[in-house]
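Here is the structure we will look at.
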Amino acid sequence: MSTYDDAARLQALLDIAKVVGAARRFDDLIELTAEEARRALDAASLSILRWEGERGQLRVIVNVGLLGPGEVRFPADEVYPVTQFPQSYTLVELRRGYVADRTSGDEEADLLVALDKDSSLGVPIVVDARVWGALYATRATGQAPFIPADLDFATAVGTHVATGVVQADHVARIERLAFEDPLTGLANRRAVDDRLEAAFDAGTGSAHPVSVVLADINRLKQINDSFGHEAGDRLINSVGQAVSRASGLVPGSLAARIGGDEFCIVVTGADAEAAEAIANELCRLVDSQPMSTGVSCGVASSDAVDSPIDTPVQLLRLADAAQYRAKRGGLRRPVVAGQVNPLDGAQGDIPGVRRRRRGRSPALVPDTLDSGLAVLDAMRGHSPAERLQAVAEHVSERTDAAAWWLSDGPPDGSTLVSVTTSVHRAATADPAWDQKGAVGATFVLADYPASRRAVLESSSYAVERDVPGQDSAEEELLVLAGYRAVIAAGTVSGGSAWLVEIYSDRLSLPLLDLEPVLRALVAVAVAGAAAPVAGSAGLTAPVLAVSAEG
């Protein structure tokens, strides 16, 4: 005789159906369905197992109720091979349920003893005419043991659990679509944002470092245009595989495709050097692929810089700036935010040799000068303000500067007014700087001798914090702004005085070496196009001399 009456059975099945209809996440749905099935069967514990036919075993997805020794709610690797548990064969091959107790004298009796239970019941879970898995329930001492008459109701419960399984699989597919890139199978941008938000919510101190590796495929558009989008998709997939393999250097890293040719690896719980190792391995793996076009790779880590990184946006912006320097320099190795990296495109570097130089990069000065002149050459006919703004933006990009300002005023050098600014990284929340740093702020140049001299003499200056013998007014302004160093160049042209200021923080490349470059570019910007000089991209001889003298 069954241990259930009809009303109780009907209510139990209705309760399972309610759970199936209400749950929205895969794990929640499986767990809640298991709990309702356990109550329906009046079981001490209940497990839902998935059939892995290729391995010939049942794998436990969830255990609920009064668990036995060694059991956990969501086991990582609890399996029951059919070769060791004949009752599993009954479930998945014969598609029949069974009941057992401690007196059976077989493997099932030994399992009940190990679980500290008295009786058990198992029924197959069938989905689309195929065995999806099994439902396994136990009763403890003091409960009525399961009997064969219970199998009919247990089979009905299994059918409702199967409905929950179908719903759970559907939910899992939706979750994968929401967080998975369909082409590569990697995570997508939403998954990256979620991982970074969770990491920053947990804190980013030395105990919880967070790093980002950004990479994009070189010349993907050229591949698509020359060989078609199928070839481009194959290249994206091959790079995606390299991203996945490289991320495996630090367990738990998230490998993602976040755009057409862009990939990202989020590394948590490992230091900056581990993230850099991932980036180096990624570049190596991609370069080793046939017909590789390489990737441009940037790295940023919350524990590798002195300036605080408070949000995922800041971390991504730093990695993006580093990646941009790699792309611009034609480098086939990572660029790390806050480090000096050669910009000469040298691809013959010895693999594996670490280059953490913090001194001057020999290529930075001439490269910034030549490329800046090329920018100005393309802007003939533009106003002085437009050309000066282009100079400020160009030098800032080259050095990953924190901010720049452009100011103008009357030609007598009496005052300057901030015309425009671009703040890549704000360094202070001081209200006094909010006023001085705002567009429209007016400065009396008598209070700032270095700026006044730069304007009236078409010269430049550089100020670094905590260095004796500098202009005290400019250093006070630098401290108020919260930045580390500033270079500035001024001139008088077209009835106006002009001043370009570029600020750096601890994440920027060394800025002071570029003071003469800024002075030269400002002079060319206000003078307009100049006759070309060999090797100087159109720089006039007098300006070149100023640049060389520093």
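Numbers given in our numbering equal positions in the sequence shown, counted from 1, plus 40.
Ideal placement from N, C-alpha and C gives every residue a C-beta, glycine not left out.
CB contact flag (residue i, residue j, <7 Å)
i, j, result
"residue 555", "residue 525", "no"
"residue 250", "residue 238", "no"
"residue 519", "residue 529", "no"
"residue 447", "residue 542", "no"
"residue 431", "residue 565", "yes"
"residue 303", "residue 283", "yes"
"residue 361", "residue 233", "no"
"residue 86", "residue 105", "yes"
"residue 443", "residue 473", "no"
"residue 415", "residue 434", "yes"
"residue 335", "residue 257", "yes"
Member of the options whose CA lies at the smallest distance from the CA of residue i
i, options, result
"residue 369", "338, 433 and 477", "338"
"residue 310", "559, 131, 272 and 290", "290"
"residue 357", "292, 410, 306 and 465", "465"
"residue 163", "201, 150 and 434", "201"
"residue 494", "523, 453, 170 and 534", "453"
"residue 192", "152, 144, 155 and 139", "139"
"residue 80", "97, 107 and 190", "190"
"residue 511", "478, 488, 412 and 499", "488"
"residue 188", "167, 137 and 182", "137"
"residue 322", "288, 298 and 331", "288"
"residue 485", "160, 513 and 158", "513"
"residue 175", "181, 67, 198 and 169", "198"
"residue 122", "116, 133 and 460", "133"
"residue 227", "186, 183, 203 and 293", "293"
"residue 455", "517, 536, 508 and 173", "536"
"residue 264", "300, 166 and 131", "300"
"residue 173", "149, 142, 119 and 548", "119"
N- and C-terminal bounds of the beta strand (DSSP E) containing residue i
i, result
"residue 462", "455–463"
"residue 537", "536–544"
"residue 156", "Element bounds for residue 156: n/a, residue is neither H nor E."
"residue 187", "Neither: residue 187 is in no beta strand (DSSP E) and is coded neither H nor E."
"residue 252", "250–257"
"residue 449", "443–449"
"residue 302", "302–308"
Identified DSSP bridge partners for residue i
i, result
"residue 164", "174"
"residue 103", "87"
"residue 466", "Paired residue(s): none; residue 466 is not in a bridge."
"residue 529", "500 and 540"
"residue 121", "97"
"residue 2", "This structure does not reach residue 2, given that the chain is present from 41 up to 590, and the question cannot be answered."
"residue 415", "Answer by DSSP bridge pairing: none, since residue 415 is not bridged."
"residue 484", "455"
Residue i, DSSP secondary structure in three states
i, result
"residue 224", "coil"
"residue 396", "In this predicted model, residue 396 has a pLDDT of only 32, less than 50, meaning its place in the structure is not dependable; the value taken from the coordinates is given anyway. DSSP places residue 396 in coil when its eight states are reduced to three."
"residue 238", "helix"
"residue 491", "helix"
"residue 363", "helix"
"residue 339", "strand"
"residue 96", "coil"
"residue 374", "coil"
"residue 297", "strand"
"residue 219", "helix"
"residue 179", "strand"
"residue 169", "coil"
"residue 267", "helix"
"residue 193", "helix"
"residue 510", "coil"
"residue 116", "coil"
"residue 385", "The predicted model places residue 385 with a pLDDT of 39, which falls under 50 and marks its position as unreliable; any figure quoted below should be read in that light. Note: residue 385 maps to coil in three-state DSSP."
"residue 548", "coil"
"residue 478", "coil"
"residue 368", "helix"
Heavy atom of the ligand MG within 6 Å of residue i beta-carbon
i, result
"residue 305", "With respect to the ligand MG, the structure offers nothing, as it holds no ligand at all."
First through last residue of the alpha helix (DSSP H) which encompasses residue i
i, result
"residue 428", "424–439"
"residue 333", "Segment: none, residue 333 is in no alpha helix (DSSP H) and carries neither H nor E."
"residue 130", "126–132"
"residue 562", "555–567"
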